[in-house]
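Presented below is the structure to which this report refers.
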Amino acid sequence: MTDFSSASPTITSMIRMDHTHVLCAFHRYRLSSPWWRKRAIVGAVCTALEIHAQLEEEIFYPAVARIAPDNDAVKKSQPEHDEMREIIAQLRAMGPENAAYDGLFMQLMRVTIHHVADEETVLIPMAERSLKNELSSLGAAMTRRRMQLLGERPVDVAVHTAGTFPIATAVLAGLAIFSVSGLFGGPSARRRARSRNYA
Ligand SMILES: [Fe+2]
Ligand SMILES: [Fe+2]
0 MTDFSSASPT
10 ITSMIRMDHT
20 HVLCAFHRYR
30 LSSPWWRKRA
40 IVGAVCTALE
50 IHAQLEEEIF
60 YPAVARIAPD
70 NDAVKKSQPE
80 HDEMREIIAQ
90 LRAMGPENAA
100 YDGLFMQLMR
110 VTIHHVADEE
120 TVLIPMAERS
130 LKNELSSLGA
140 AMTRRRMQLL
150 GERPVDVAVH
160 TAGTFPIATA
170 VLAGLAIFSV
180 SGLFGGPSAR
190 RRARSRNYA
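Sequential numbering from 0 applies to the sequence shown in numbering that gives the first Met the number 0.
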């Protein structure tokens, strides 16, 4: 039986894509922007970071911890996510009219850039060296979980992230899986693949 998860983008390419999207969103923020634009950008970044962090904690970090449980970058990943969540909670509790809003968002940007740099220079290369055969199946698992998380917060996602992260990543991954299932099987094979991928 064909394993369609092998057609999925790898988990590391998905993580890189998520990082690119969220860093681009950070760079759209201007101190001089109107309040409604600031709030939209902050809302998109916060939702994207929360979903991304949860996906990494559930799927990527356990896989990396298996191969390098004592690595410093692995150990400090979770506390750094918690720090981001704390800043996100503070941002959500205040409005853009608050004098501290810009500074707090810049703090979130600093923490995120530092964290992303560690992941992209240590964790991702390590995973690509040692988890070669699992990267696609882990990518498929991440897509399935992302779909579930997006489904649990449809209003939040529609308001803050329409047309951008993380929907773009999910759609691209889903398209890759289904286009290959279409190449290798007829309608019944596609039905089997669908039930396997989106159970
Ligand atoms: Fe992370
Ligand atoms: Fe990340």
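Here a beta-carbon is modelled for each residue, glycine too, at the ideal position from N, C-alpha and C. As the structure is a prediction and not an experimental result, all values here were calculated from the model.
Could you please give the first and the last residue of the uninterrupted alpha helix (DSSP H) stretch that includes isoleucine 50? 34 to 54
Return the CA-CA distance between alanine 47 and valine 21, expressed in angstroms with no decimal places. 7 Å
So the candidates are Ala39, Leu30, Leu134 and Arg128; which of them puts its Cα closest to the Cα of aspartate 155? Measuring from the Cα of aspartate 155, the nearest candidate turns out to be Ala39.
For ligand 1, I want to know if alanine 47 counts as a neighbour, meaning its beta carbon is within less than 7 Å of at least one of the ligand's heavy atoms. no
By a C-beta neighbour count over all protein chains shown, 10 Å radius and 16 as the cutoff for buried, is proline 33 buried or exposed? When all chains shown are included, proline 33 counts as exposed.
Can you find a heavy atom of ligand 1 that lies under 7 Å from the Cβ of histidine 114? yes
Under 7 Å from any heavy atom of ligand 2, does the C-beta of glutamate 55 make it? Glutamate 55 has its Cβ nearer than 7 Å to a heavy atom of ligand 2.
Just tell me which of Asn70, Ser129 and Cys45 has its CA closest to the CA of alanine 92. Cys45
Candidates Leu54, Met83 and Arg65: closest to threonine 111 by CA position: Met83
Coil, strand or helix - leucine 30 by DSSP: coil
Using a Cβ-Cβ cut-off of 7 Å (strictly less than) and excluding sequence neighbours within five positions of glutamate 96, which residues of its own chain qualify? Trp34
For the stretch 66 to 78 against the stretch 131 to 146, are there 3 or more C-beta pairs whose distance is under 8 Å? Three or more Cβ pairs closer than 8 Å define a contact, and the stretch 66 to 78 falls short of that threshold against the stretch 131 to 146.
Sorted by chain position, which residues of the same chain lie with C-beta nearer than 6 Å to leucine 30's C-beta, five sequence neighbours on each side aside? Asp101
Return yes when the Cβ of isoleucine 10 is within less than 8 Å of the Cβ of isoleucine 58, no when it is not. yes
Whole angstroms is fine: what's the gap from serine 136's alpha carbon to alanine 99's? 43 Å
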